[in-house]
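Those letters in the sequence shown? Residues 17 to 435, per this note's numbering, in order. We put the beta carbon where it would ideally sit given N, CA and C, even for glycine. All values derive from a computational prediction rather than experimental measurement. Structure record follows, encoded as structure tokens.
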Amino acid sequence: MPLIAQTQDYSKALFEKHDVFKETALKHRRFKHKDLVPLIEKLPFEKQVVGQSFEGRDLYQIKLGSGPVKVLLWSQMHGDEPTATMALADIFLFFQGKNDGFDNLRQSILANTTLYFVPMLNPDGAERYQRRTATEIDMNRDALRFQTPEGALLKKLQDELKPEFSFNLHDKNTRYSAGRSNKQATVSFLATAYDYERSWNPTRTRAMQVISGMIEALEQFIPGHLGRWNDEHEPRAFGDNVSKWGSSLILIESGGYKDDTEKQFIRKLNFVAILTGLQAIAEKSYTHYTLSTYEALPNNERYLYDLLVRNAGFNYNGKIVIKDIGIDLIEKNTKNATGFSIRSVIEELGDLSTFWGIKEIDATGLQVKPLADFPELIKTYKLSKQDVQDKDLNLDEKANFVLAKGNDVKYVIINGQIK
Ligand SMILES: [Zn+2]
């Protein structure tokens, strides 16, 4: 099969048409193995059960294409990191489409690569919506000892298939910023280091080059929101070892984007990035990239709170002290981990002028007051006694308070959220 000489840029079209390929059975992040299996079972592709999780859930491999370059893609080795699994389900639908302007892209990828997908590598963790496996092991620290059946399977697939490229698909904390900035690092990439010196060999360089194409593709949709994941070598992690074993390892970490709680926008970005990367591999168009695009990516940093209240006045017996309030919103799984509630926490108080909030309030001229001072608010928001703190705001406590000018209420903050 001849390579296509001129590579066509499909990124914009993929972004715009993503809805057409969206697997509508997956609507939110806490879907389970039982939700995914019927979607895999109905695929008109070569698929097989290649192993079982510790608790006996089937692990599937879906094979597509017949080209010489082998690519292995797995998602959700951490059970609470499902964004890419949703994107893979969309990609399976994409490869079933035709006569829609994407036929050349499909043909190019399928003729030049053979793709092996293993979605939801940690279904026991997904069942509980937790990072670790059923045996409480972080699979991504099990690439030396192989005590998790799921990790052992991944090693076996690497050994048997010997893929030239691997995609290791994760989610990360939504509060990572792209460098020292107020922008969330919505998608981060890494060409994983295979040694402590973070050396560059042709295997790692190829991963960096494919990533460079994906950076260019996503930058048009989320300028300033792309980051580079920490490249410190972790000898127990899969990415680092896969890279050491000779496969060009592309790590994608899905972070946060304002108001995209269920990560449906980031799912779309994954869809575009992965297909763009596969095209670059298929057409070998990645080869023209140097390190510059990759190295220009800002590192992931921690400069964000979910809500930052700036310059709030705290009254200490008539003495006003100005403090900023850094508040985070922590998800707590509901029973059976099918939903979640939010528990706010006051992470920091004081000068946070070098930080940012995903949401911010400028409280200049306003004073922090307890909800207990405003009985009508307690009634309006049906607050429990527990919610109503009758004392000052404290670290590590729930964020329930009022920002007022005198008795004039300007903001009501209940459980870290602006009412
Ligand atoms: Zn992860």
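Opening and closing residue of the alpha helix (DSSP H) in which residue i lies
| i | result |
| --- | --- |
| residue 81 | No alpha helix (DSSP H) contains residue 81, which DSSP labels as neither H nor E. |
| residue 49 | 49 to 57 |
| residue 156 | Here residue 156 belongs to no alpha helix (DSSP H), and DSSP marks it neither H nor E. |
| residue 192 | First-last for residue 192: undefined, no H or E at that position. |
| residue 287 | 280 to 298 |
| residue 225 | 218 to 235 |
| residue 413 | Per DSSP, residue 413 belongs to no alpha helix (DSSP H) and is neither H nor E. |
Pairwise C-alpha distance: residue j and residue i
| i | j | result |
| --- | --- | --- |
| residue 197 | residue 319 | 7 Å |
| residue 282 | residue 234 | 11 Å |
| residue 317 | residue 264 | 25 Å |
| residue 400 | residue 69 | 42 Å |
| residue 104 | residue 110 | 9 Å |
| residue 129 | residue 51 | 28 Å |
| residue 202 | residue 403 | 32 Å |
| residue 224 | residue 307 | 7 Å |
| residue 423 | residue 208 | 56 Å |
| residue 172 | residue 38 | 31 Å |
| residue 211 | residue 396 | 58 Å |
| residue 441 | residue 145 | Outside the displayed range of the chain (17 to 435) lies residue 441, so it cannot be described from this structure. |
| residue 27 | residue 229 | 10 Å |
| residue 350 | residue 260 | 40 Å |
Status (buried if at least 16 other CB within 10 Å, exposed otherwise) for residue i
| i | result |
| --- | --- |
| residue 90 | buried |
| residue 304 | exposed |
| residue 253 | buried |
| residue 378 | exposed |
| residue 120 | exposed |
| residue 117 | exposed |
| residue 411 | exposed |
| residue 149 | buried |
| residue 161 | exposed |
| residue 151 | exposed |
| residue 434 | exposed |
Contact check, residue i vs residue j, beta carbons under 8 Å
| i | j | result |
| --- | --- | --- |
| residue 366 | residue 339 | yes |
| residue 97 | residue 187 | yes |
| residue 214 | residue 241 | no |
| residue 369 | residue 345 | no |
| residue 206 | residue 267 | yes |
| residue 257 | residue 159 | yes |
| residue 354 | residue 232 | no |
| residue 185 | residue 243 | no |
| residue 78 | residue 294 | no |
| residue 458 | residue 414 | This structure cannot settle anything about residue 458, because the visible part of the chain is limited to 17 through 435. |
The beta strand (DSSP E) enclosing residue i, as first and last residue numbers
| i | result |
| --- | --- |
| residue 132 | 129 to 134 |
| residue 338 | 335 to 349 |
| residue 325 | 320 to 332 |
| residue 373 | 372 to 378 |
| residue 63 | 62 to 68 |
| residue 111 | Careful: residue 111 lies outside any beta strand (DSSP E) and carries neither H nor E. |
| residue 257 | Looking at the DSSP string, residue 257 is not in any beta strand (DSSP E); the run it does join, the alpha helix (DSSP H), is 254 to 260. |
8 Å Cβ cutoff, residue i in contact with chain D
| i | result |
| --- | --- |
| residue 347 | Of the protein chains in this structure there is only one, and it is not chain D. |
Heavy atoms of ligand 1 versus C-beta positions, residues under 5 Å:
Listed by chain position, these are 94, 97, 186.
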